[in-house]
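Student: Questions regarding the structure given below will be posed in turn.
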Amino acid sequence: MGLRSKTKKNIIKFLNRKHLRRQLEKWENLYGKFDCNSYDKFLVKNLANESGYYHGELIKWSADLAPKCALFVGEDTKTALYLNEKINAKEVITAGLSEVDYVWNFEQEPPDIDKKIDLIVSHAIFEHLLNPYKHLHDLTRLVQKQGTIIIHTVMPGFRYHRYPIDAIRFYPDWFEEMADRLNLTIVNKRINENHIFYMYQKNSALDKI
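Position in the sequence shown (from 1) plus 15 gives the number in our numbering.
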């Protein structure tokens with residue numbers, strides 16, 4: 016990359032961050048404070064999954080919960096076991112299409128999982144789905160009452176990445192509305208450049224959702 020291209024890229028990044036800071040103030044006026052802590056030191060790199068890494072927010076938030084049974088959505092079993100060295104759950108399970116404990120096409124009904132799942136982590140999944148509302152509804156059904164769902168996805172401005180399709184981008188409004196519709200409590204939320212993170216706690220029993 017030449018000097019001119021680098022300079023242009025840095026200027027665009029600066030302007031995007033400036034715009035995001037202004038927009039974040041508006042969202043905080045609507046929805047309350049967002050987490051402004053840095054989680055870079057918890058970032059896990061060089062993974063064999065599609066993105067090649069796992070955000071520090073997901074690692075730290077999960078580890079703080081000390082889960083008994085954590086479900087990693089979309090990760091293979093080997094990656095989940097490696098991530099569990101960071102979060103120390105008593106048990107980890109996986110669901111997805113390949114090399115997982117439970118096969119699940121996310122556009123279809125979830126599998127029957129005969130376990131008391133108290134944590135579900137979804138990393139870089141929602142932007143690839145045609146019906147993300149259904150998927151969050153399914154996750155809410157799978158997690159036990161008072162259990163936690165942690166979601167990472169991307170916002171407008173994030174690069175196109177087709178795996179197998181790239182379908183949608185998210186604003187905080189979507190997550191706030193989903194909390195109301197599915198009777199979820201928002202425990203934490205964070206925006207980091209073009210990445211957005213939400214942590215929910217399930218309030219309702221299964222038959223009320």
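Ideal Cβ positions, reconstructed from N, Cα and C, are used throughout, including at glycine. Fair warning: this is a prediction, and the values are worked out from it, not measured in the lab.
Which whole-angstrom value describes the C-beta separation of L73 and H167, a residue pair presumed to lie in contact below a C-beta threshold of 8 Å?
Tutor: Correct: roughly 6 Å between the Cβ atoms.
Student: Have a look at P126 and R37 and give me their C-alpha separation to the nearest angstrom.
Tutor: Straight-line Cα distance between these residues: approximately 42 Å.
Student: Write down every uninterrupted run of the alpha helix (DSSP H) in the stretch 26 to 99 whose length is 4 residues or greater and which is fully enclosed by it, in chain order.
Tutor: Correct list: 71 to 80.
Student: Could you check if C51 is buried or exposed, using at least 16 other CB atoms within 10 Å of its CB as the buried criterion?
Tutor: Exposed, by the Cβ-count rule.
Student: Go to K149, then tell me how far its alpha helix (DSSP H) extends in each direction, as first and last residue.
Tutor: Run containing K149: 147 to 157, per the alpha helix (DSSP H) assignment.
Student: From what residue to what residue does the alpha helix (DSSP H) around E191 run?
Tutor: Here the alpha helix (DSSP H) through E191 covers 187 to 196.
Student: I need the DSSP call for E142, collapsed to helix, strand or coil.
Tutor: Looking at E142 - three-state DSSP - the assignment turns out to be helix.
Student: In three-state terms, what does DSSP make of K131?
Tutor: Coil at K131, not helix or strand.
Student: Grouping DSSP H, G and I as helix and E and B as strand, with all else coil, what is I211?
Tutor: DSSP places I211 in strand when its eight states are reduced to three.
Student: List the whole-angstrom C-beta distance separating F2 from H150, where the pair is believed to meet the contact cut-off of C-beta under 8 Å.
Tutor: The question about residue 2 has no answer, for the chain in this structure spans 16 to 224.
Student: Identify whether I102 lies in helix, strand or coil by the three-state DSSP scheme.
Tutor: Here I102 sits in helix by DSSP.
Student: How big is the Cα-Cα spacing for E114 and E40?
Tutor: The straight-line gap from Cα to Cα measures roughly 42 Å.
Student: Comparing C-alpha positions only, which one of E90, V136, E65 sits nearest to R176?
Tutor: This sequence places His at residue 176; Arg is not what is there. With distances taken between Cα atoms, H176 lies closest to E65.
Student: For I183, does the three-state DSSP call read helix, strand or coil?
Tutor: Coil.
Student: With a threshold of 7 Å on Cβ separation, who are the neighbours of Q161 within its own chain once the five nearest residues in sequence on each side are excluded?
Tutor: Result list for Q161: Q216, K217, in chain order.
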